[in-house]
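First the structure, in the form of structure tokens, and then the observations on it.
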Amino acid sequence: MRCSSELLSAYMDGQLPGPVRARVRSHLVRCAPCRRELAELEALRQLLAGAPAPPPPPGLAETIVGHVRFREAERVRRRPRVRFWQGAIAGGVAAVLVVALWWAGLDGLSRMGHGSAPPAVEAALMEHSLYASLLETGAGDWVDWALVPAGDGR
Amino acid sequence: MTSRKTGPPPVGDLIARCLTGDVRAFETLVRTHHDQVYGYACRMVGPDAADDVVQEVFLRVYRSLHTFRSESDFKTWLYRITTNACLDHLRRMRRQRGRFVPLEGGGGHADEGGPAWGGPERPDPGAVDPALRAEQRELAEALQAALGRLSDHHRAVLVLHDMYGFRYDEIKDILRCSLGTVKSRLFYARRALREQLRPYLDAAGDWPASGASSVS
């Protein structure tokens, strides 16, 4: 087995599976640099675990509770105003959207009937549809076909 | 009438009471945990910013108590919120000041003449040998500076494991990462710290004061 600092770190924490742990242990018996490294790692762990905890400044608990109370009171105080403005803005946006959709719908409908093709084509289509509907309803019986160009609607 | 000495109520009870609007229960929760949270925040963002971060932590705790599931571990949940608040703070500072954010105030809140982070008892400055005090302070500052040079995520793993005694699987839950990531970050953090603190490790890793207490 080759030297591995990463394995030594996990070995120290007891995080290696049994077979790997056994291999590291037997490697340590033969490898002085790895033994030194493990000793340093253990010294570091001891140093960190023994480091005195930074004590909180006096009165921090009271400051925290006061801060939370203040921020919550502020939130409650703001809430209705925020809701009113949110409602007003949302209502306004919704109204604009409804009007815009309604307008677009009207415009779209009118465009379906008119102006979606060149005038000549549109006129021909209108004539065709008119004759077709006259034929379907039987109203074509009293149309003076002499007036209708040959090939149209018949 | 006999008075019985009791510890703080179980966390589950406190949270249930908090959710009914019981401010006293929240105060108890803060008093029970604020010193540990403060210590961790100091290691993560430095003592100058730790006060503000701890206030933010407990505000977040208060506002998300309803999301806490009773089957989860409160300490893991609390340290997750604290870690996130610390990382948010550091990100904000980096945006404001540029890439490197030194963890200011490495000496902590030590009084004039008191040991740097000399433990919760704050020993009487007169009772501590000045040479020993200077040595303690130097080591505390070297440690905080070395921690400050680690990346935020490496520092979090190292502090949680080696200073606060969390297990790998708990750190995985706190940081929401894989076990492999925890293992690898811990290795890199230790390697960097070992290089920087080598002069102090020669003394078999002991703190200069025999009474130094573990924080884990």
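In order, the protein sequences belong to chains A and B. Start counting at 1 in the first sequence, then tack on 93, and there's your number in the working numbering. Start counting at 1 in the second sequence, then tack on 6, and there's your number in the working numbering. Glycine included, every Cβ here is placed at the ideal spot set by N, Cα and C.
At a cut-off of 9 Å, the C-beta of A/V158 has a neighbouring C-beta in chain B. In this structure, B/R49 lies near B/M169, with their beta-carbon atoms less than 9 Å apart. Ranked by Cα distance from A/L101, the options B/R196, B/R182 and B/A140 are led by B/R196. Not a single unbroken stretch of the alpha helix (DSSP H) spanning 4 or more residues falls wholly within the stretch 170 to 200 of chain A. Contact between B/H167 and B/L192 holds, since their C-beta atoms are separated by about 6 Å, short of 8 Å.
In terms of beta-carbon proximity, A/V161 lines the interface with chain B, with at least one pair separated by less than 9 Å. Distances from the alpha-carbon of B/L84 to those of B/R100, B/Q61 and B/R97 put B/Q61 closest.
In the structure shown, B/A55 adopts helical secondary structure according to DSSP, grouped into three states. Using a Cβ-Cβ cut-off of 9 Å, A/R138 counts as an interface residue toward chain B, since at least one Cβ of chain B sits closer than that to its own. B/R182 and A/L109 have their C-alpha atoms some 21 Å from each other. Taken through DSSP and simplified to helix, strand or coil, B/L93 comes out as helix.
Nearest C-alpha to B/N90 among B/L65, B/Q142 and B/L25: B/L65. K189, S190, L192 and F193: these are the residues of the stretch 181 to 195 of chain B whose beta carbon lies less than 8 Å from some beta carbon of chain A, given in chain order. By the criterion of a C-beta distance shorter than 8 Å, A/A103 is surrounded in its chain by L109, once the five residues flanking it on both sides are discounted. C-alpha of A/E130 to C-alpha of B/L203: approximately 14 Å in a straight line.
In summary, B/D19 is exposed, with fewer than 16 beta-carbon neighbours lying within 10 Å of its beta-carbon over all protein chains present. Judged by DSSP secondary structure, B/L164 falls within the alpha helix (DSSP H) whose first and last residues are D158 to L164.
Residue nearest to B/L199 within the set A/W178, A/R128, A/V161 and A/L134 is A/L134 (criterion: CA-CA distance). Spatial neighbours of B/F172 in its own chain (CB-CB distance under 6 Å, excluding positions within 5 residues in sequence) are listed in chain order as L166. A/M105: member of the alpha helix (DSSP H) spanning S98 to M105, first to last residue.
Boundaries of the alpha helix (DSSP H) harbouring B/R23: V17 to L25, taken from the DSSP string.
Judged by DSSP in its simplified three-state form, A/A136 adopts helix. Across the set A/G111, A/A136 and A/V169, the C-alpha of A/A136 shows the shortest separation from the C-alpha of B/L207.
When secondary structure is reduced to three states using DSSP, A/P112 falls in the helix class. Residues of chain A with a Cβ closer than 8 Å to the Cβ of B/V60 are, in chain order, P149, L153 and I157. For B/H95, no Cβ of chain A is located within less than 9 Å of the residue's own Cβ. For the set B/V43, B/Y46, B/F32 and B/D179, the Cα lying nearest the Cα of B/R69 is the one of B/F32. DSSP places A/L141 in the helix class (H, G or I) of the three-state scheme. Under a criterion of Cβ atoms nearer than 7 Å, the residues of chain B adjacent to A/Q108 are, in order, Y174 and K189.
Cα atoms of A/L140 and B/R143: separation of roughly 14 Å, rounded to the nearest angstrom.
B/E33 belongs to the set of residues whose beta carbon lies under 9 Å from a beta carbon in chain A.
For B/D41, the secondary structure class from DSSP, reduced to helix, strand or coil, is helix.
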